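Numbering (this note's numbering), first residue to last: 5 to 435.
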């Protein structure tokens, strides 16, 4: 949703807990059958009421709009404005009949109009029991949406992983699994700026993917590799799909397996999925995914997936990595020197480049350095993304241009900190 939406009050948050964590809910919502909006009274003088125009089908659905409308309903409930809340809920389910959480709230509000309600949703206990999993998922979804909207990132802050974005990184994505939230940034002259954020779903068994078929979403620094045409996909994937490069070289180094991790949409009958509902992909509502597809660039857009994001001032992220920047500069100088042994000191023993070991690479590096004849090297458009778990790593992408040359190669390196030193364990040429 758009980052400048009005923030819900704590009173509204309390009302949400009452609505979505109560003992019962309306049976139709639990069973997955959408409520039909209440019928309007017939027009006066005996004429039949004209059907409402199909506005939902005709108008363009804006990303984040449905969630913003839901939050407004929660706010009205928190202010005891139940009639206004009901009217807005009716309009929301009319425009988005597949939005299960909105259907739940609408059903509760309809029931409340009939008089005093014990535990919001006077339905037989067996109806609640038969849909216990659906109810639990809707509760969790509502809690996650509200938590992410209450706990907003500090103004101007960026995820700690964004050490440095280059002009080539026009956009960047960061995902906070603990909040079921995706944050979309636009990289500007002053640094990355948060322009939108959205509710997302991750793996059925959570995060920290390690193996093929484990129903978990990977954690790490990735890049969008392609944009799949929705016409080539099943309806299951909704508005389209953006694959990412899982497993990345760091994943491969640790023996992680699997494939086919995408950012994709939802099938037509679903507006959103439960917070933990995928086979490992990251899933968004279709209008939200469409905005991302229209915005980001293939190959250059980084996607950070974290269990929980740590937000820092951009300058703090760069200052924290100052020692690494010194190491990168020293690597550049070593390569410009033409001294193979000096250069090899920057690589780990298990280093790999295009599938070749450090030993295999030794003669190739000699040839490359001989061609350069000790010319200085300029690193252009440097981007640095940090990932820290059991090890501290840096993913660095840059243009390598020898002095006097108009262009050079685009290189990506993966560095790991070993004690006080930074060393390269993977290096590849992108183009």
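Every residue, glycine too, gets a C-beta built ideally from N, C-alpha and C.
Every value quoted in this text rests on a predicted model; they were computed, and no experiment measured them.
| Asked | Found |
| --- | --- |
| Do the CB positions of residue 282 and residue 177 come within less than 8 Å of each other? | no |
| Please go through the same chain and pick out, in chain order, the residues whose beta-carbon is closer than 6 Å to the beta-carbon of residue 247, but skip the five residues on each side of it. | 229, 230 and 266 |
| Based on Cα-Cα distance, which residue from 379, 276, 347 and 224 lies nearest to residue 391? | 224 |
| Alpha carbon to alpha carbon, how far is residue 203 from residue 366? | 48 Å |
| Nearest-angstrom Cα distance between residue 165 and residue 310? | 9 Å |
| Which of helix, strand or coil does DSSP assign to residue 367? | helix |
| For a test of the three-state rule: what should DSSP assign to residue 224, helix, strand or coil? | strand |
| If residue 71 and residue 183 are in contact, beta carbons under 8 Å, what's the gap, nearest whole angstrom? | With 8 Å as the limit, residue 71 and residue 183 do not qualify as a contact, their Cβ atoms being about 13 Å apart. |
| Can you name the residues that DSSP bridges to residue 415? | 402 and 433 |
| Give a yes or no on whether the C-beta atoms belonging to residue 431 and residue 417 are separated by under 8 Å. | yes |
| On the criterion of 16 or more Cβ atoms from any shown chain inside 10 Å, does residue 191 qualify as buried, or is it exposed? | buried |
| How big is the Cα-Cα spacing for residue 345 and residue 67? | 54 Å |
| Identify whether residue 447 lies in helix, strand or coil by the three-state DSSP scheme. | In the structure as shown, the chain begins at 5 and stops at 435. Residue 447 is therefore absent and cannot be evaluated. |
| Which class does residue 239 belong to by DSSP, given the choice of helix, strand or coil? | helix |
| Could you tell me if residue 106 is buried or exposed, where buried requires 16 or more neighbouring beta carbons within 10 angstroms of its beta carbon? | buried |
| Would you call residue 434 buried or exposed, if buried means 16 or more other Cβ atoms sit within 10 Å of its Cβ? | exposed |
| Please report how far the alpha carbon of residue 21 lies from the alpha carbon of residue 233, in whole angstroms. | Summary for residue 21: the model assigns pLDDT 36, below 50, so the residue's position carries little reliability; its value from the coordinates is reported in the next sentence. Answer to the nearest angstrom: the Cα atoms are 40 Å apart. |
| On the criterion of 16 or more Cβ atoms from any shown chain inside 10 Å, does residue 137 qualify as buried, or is it exposed? | exposed |
| Can you say whether residue 163 is buried or exposed, counting buried as having 16 or more other CB atoms within 10 angstroms of its CB? | buried |
| Count the other CB atoms within 10 Å of the CB of residue 207; is the residue buried (16 or more) or exposed (fewer)? | buried |
| On a Cα-Cα basis, can you pick out the residue from 289, 140, 197 and 273 that is closest to residue 317? | 197 |
| Go through its chain and collect everything with a Cβ distance to residue 424's Cβ below 7 Å, but skip five positions before and after it. | none |
| Which value, in whole angstroms, describes the spacing of the CA atoms of residue 256 and residue 172? | 26 Å |
| Excluding the 5 residues flanking residue 55 on each side, which residues of the same chain have their C-beta closer than 7 Å to its C-beta? | Confidence at residue 55 is low in this model, with a pLDDT of 41, below 50, so the placement of that residue should be treated as unreliable; the coordinate-derived value is given next. Within the same chain, residue 55 has no close Cβ partners at all. |
| Please report the straight-line C-alpha distance between residue 65 and residue 298, rounded to a whole angstrom. | 14 Å |
| Using the beta-carbon count (16 or more within 10 Å), is residue 361 buried or exposed? | exposed |
| Alpha carbon to alpha carbon, how far is residue 369 from residue 347? | 9 Å |
| Quick test of your reading: residue 260 and residue 214, contact by CB under 8 Å. State the CB separation rounded to the nearest angstrom. | 5 Å |
| Sort out for me which residues DSSP pairs residue 382 with in a bridge. | 405 |
| Whole angstroms are fine: how far does the CA of residue 85 sit from the CA of residue 3? | Here the chain comprises residues numbered 5 to 435, so residue 3 is not present and cannot be evaluated. |
| Answer yes or no: do residue 402 and residue 383 have a C-beta to C-beta separation smaller than 8 Å? | yes |
| Secondary structure at residue 254, three-state DSSP: helix, strand or coil? | helix |
| Extract the residue ranges of the beta strand (DSSP E) inside the stretch 260–292, only unbroken runs of 3 or more that lie entirely within it. | 266–268 and 280–282 |
| Does the beta-carbon distance from residue 200 to residue 295 come in below 8 Å? | yes |
| So if DSSP puts residue 232 in a beta bridge, which residue, or which two residues, is it bridged to? | 245 |
| In whole angstroms, what is the alpha-carbon distance linking residue 154 and residue 187? | 15 Å |
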